[in-house]
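If you want the working numbering, it's the 1-based position in the sequence shown plus 2.
Note that CB positions come from ideal geometry on N, CA and C, so glycine has one too.
Predicted model, so just to flag it, every value in this text is computed and none were measured.
Only one structure is covered here, and it is reproduced in the block below.
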Amino acid sequence: GIRSGVEGDPDGKESGSRFEQFQLKATRALADRGIRVPRQLLISLRNTFRQRGRLILTLFTLTMGGAIFISVFNVRVTLFDYVQKIGNYFLADVTLDFERPYRLEEIKAYGYQDPRVVHVEGWTFASSEILYPDGSTAENISILAPPADSDLVYPMLVEGRWIQPGDERVIAISEGIYNYYPDLQIGDRIPLKFKGKQEQWQVAGVFKFIGLEGVIAYTPYDYISREQNLANRSFSYRFVTEKHDREYQNMMARELDAYFRDQGFHVQQATPGLSTLDSAAESLDILITFLLIMALLTATVGSMGLTGTMSMNVLERTREIGIMRSIGATDREIIRMVIVEGLLIGLISFGLAILLAVPFTYLLSSIVSNAVFATPIAVEFTYLGYVIWLGLVILLSSLASVLPARSAARLTIREVLAYE
């Protein structure tokens with residue numbers, strides 16, 4: 003057999019001897035079951051674990067690159083899933099804002115003349131201030147007032163309930179309220195400055211939103227419109243159309259804008275529904291691309307380290323390769339042995355990366371979600387990162403082993419005899 007360890011490397015001899023004993027037992031156990039392990043694979047397995055220090059360093063860089071790469075894909079799915087859920091607060095296909103209020107029935111009558119419009123809702127808005135118990139201002143708050151039974155809002159409730167018909171001075175509020183009232187309970191009343199007066203509003207529910215947008219709340223349209231002397235009127239209308247893709251929304255926004263202007267209405271702007279989240283999606287794309295580049299750079303450094311490791315391993319086994327040649331090993335067998343060794347290191351790093359990617363995903367998701375949304379979000383996992391990284395690690399390991407393998411195959415008996 004080929005000697006284990008390298009002369010002058012006691013640690014290599016000791017670890018090699020232990021691994022050979024384990025390998026021998028495993029090979030015999032497989033042979034007893036009729037499974038024959040190729041000799042080149044056995045040699046590659048032993049050589050892989052010969053230099054533990056060098057192996058650990060190479061595995062560290064490859065594993066880190068893989069774990070970050072996989073985590074980035076998981077975080078990408080997590081973030082975009084959350085953006086889609088945020089989109090459930092803006093389900094209208096087109097929003098028309100007018101320069102002055104118009105009656106609900108009037109806008110609906112004109113809107114339904116277009117057979118492509120299937121639903122119209124009037125919304126209103128109010129600005130208010132959250133007050134501390136002593137009456138000082140804590141934060142501004144935007145109050146959105148859709149119809150209480152609106153199908154255009156699907157909130158992510160943390161606790162409590164959503165708004166209901168008949169609610170007065172009752173709000174569902176975003177979880178940013180906890181920054182000012184950390185001990186808030188459902189059913190509690192908080193002081194708001196509304197229309198210049200301090201009032202007590204009851205909190206019916208708390209929902210998740212984008213923390214960087216500040217604190218927002220929802221309350222029924224009927225109540226706010228009466229308080230604003232805009233009963234059955236509104237500045238802002240939501241239109242639902244028969245199709246919901248981006249191109250169709252853009253077209254309908256242009257056509258509804260032109261149509262209402264032609265009818266004499268003072269349109270301020272027409273906004274396609276999906277465009278509401280465009281800026282957030284673009285920012286996330288830039289962030290994810292940056293993280294992927296970081297992961298690929300780490301993996302590239304790891305593959306360069308693997309090339310160096312394989313080259314050193316080939317150099318240290320010059321005599322062994324010569325002995326293998328002298329007993330009939332071909333160039334193809336030598337190349338296969340070295341490449342298999344590199345692939346084994348790559349696959350081991352892949353297994354470690356799978357394990358490390360789980361805590362990395364949670365950590366990276368927490369950091370990014372708090373930076374982008376100022377709120378923690380539920381982590382999602384995707385198989386895509388694992389599959390792509392498996393392909394990449396096989397490719398990188400193979401490429402990193404090609405040059406050392408060719409160098410090993412070029413060694414002649416004369417060069418082996420001259421090696422010291």
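Residue i - partner residues in DSSP beta bridges
i    : result
F127 : L146
L194 : I132, E201
L98  : Y239, A272
M158 : K210
V122 : F241
I218 : S144
R105 : R235
T139 : L133
Member of the options whose CA lies at the smallest distance from the CA of residue i
i    : options                : result
P167 : H246, Y220, F241, D116 : Y220
L386 : L397, F75, L317, N315  : F75
V120 : K110, F127, A128       : K110
T65  : Q86, G213, L398        : L398
Y223 : K197, E123, G137, V316 : E123
D247 : S285, I226, G275, L392 : G275
P193 : I132, D151, V155       : I132
R240 : V96, L345, G68, S130   : V96
L392 : V374, Y134, L345, F383 : L345
I323 : L289, R408, E284, I288 : R408
D333 : P361, P406, L308       : P406
A140 : T126, E335, K195, Y156 : K195
V85  : I72, A282, R256        : A282
W203 : F211, Y182, P184, A174 : A174
D151 : I165, S138, T278, V303 : I165
Y250 : E343, A94, Q265        : A94
Y182 : G137, L146, R163, Y225 : G137
I350 : F211, K245, I396, F262 : I396
D153 : D185, K197, V242, G213 : V242
L214 : A373, T384, V381       : A373
R338 : S400, K245, L106, N90  : S400
Y225 : L357, R118, W125       : W125
P117 : E108, L258, E284       : L258
L106 : A272, F383, D287, R235 : R235
L98  : N252, I288, A331, L294 : N252
T363 : F352, T384, G353       : T384
G216 : I145, D190, V303       : I145
S227 : F211, Y104, S368       : Y104
Buried or exposed (CB count within 10 angstroms, at least 16 for buried), residue i
i    : result
Y114 : exposed
D169 : buried
T80  : buried
L32  : Note that L32 has pLDDT 48, beneath the 50 cutoff, so the model's placement of it is unreliable and no number is given.
N315 : buried
V172 : buried
E318 : buried
P148 : buried
F292 : exposed
Q200 : exposed
R102 : exposed
Y156 : exposed
L365 : exposed
R256 : exposed
Y134 : exposed
R163 : exposed
G3   : Here G3 scores only 40 on pLDDT, less than 50, and its place in the model is too uncertain to base an answer on.
G67  : buried
G327 : The question names Gly, but residue 327 is Arg in the sequence shown. Counting Cβ neighbours within 10 Å, R327 comes out buried, since at least 16 surround it.
G207 : buried
I1   : It is not possible to answer for residue 1, since the shown part of the chain is limited to 3 through 422.
L394 : buried
A355 : buried
L286 : buried
Supposed contact pair residue j and residue i - C-beta distance, whole angstroms, cut 8 angstroms
i    : j    : result
M254 : F209 : That belief does not hold up - the Cβ atoms of M254 and F209 are roughly 28 angstroms apart, past 8 angstroms.
V160 : E177 : 6 angstroms
I70  : Y388 : Their Cβ separation, rounded to whole angstroms, is 13 angstroms, which puts I70 and Y388 out of contact at 8 angstroms.
L308 : I347 : 6 angstroms
V269 : F92  : Going by Cβ atoms, the distance from V269 to F92 rounds to 19 angstroms, so no, they are not a contact pair.
S305 : A376 : With a Cβ gap of about 38 angstroms, S305 and A376 do not count as contacting.
A359 : Q230 : At roughly 52 angstroms, the Cβ-Cβ gap does not stay under 8 angstroms, so A359 and Q230 are not in contact.
I218 : I143 : 7 angstroms
M312 : V342 : Not really, about 11 angstroms apart at Cβ, beyond 8 angstroms.
V77  : V404 : No, V77 and V404 are not in contact; Cβ-Cβ is about 33 angstroms, not under 8 angstroms.
H300 : T63  : One detail in the question is off: residue 300 reads as Thr in this sequence, not His. So it is a contact: roughly 7 angstroms between Cβ atoms.
D185 : E382 : Rounded, the Cβ-Cβ distance is 31 angstroms, inconsistent with contact.
Closer than 7 angstroms: residue i CB and nearest the ligand NAP heavy atom
i    : result
E201 : Looking for the ligand NAP in the displayed structure turns up nothing, as the structure carries no ligands at all.
> Hey, which unbroken runs of the beta strand (DSSP E) at 3 residues or more fall wholly within the segment 160-190?
Replying inline: Listed in chain order, the complete beta strand (DSSP E) runs (minimum 3 residues) inside the segment 160-190 are 172-176.
>> I'd like the ranges of any beta strand (DSSP E) spanning at least 3 consecutive residues and lying wholly in the segment 249-334.
In response: 269-274
> Can you give, in chain order, each stretch of the alpha helix (DSSP H) that sits fully within the segment 345-387 and has at least 4 residues?
Replying inline: none
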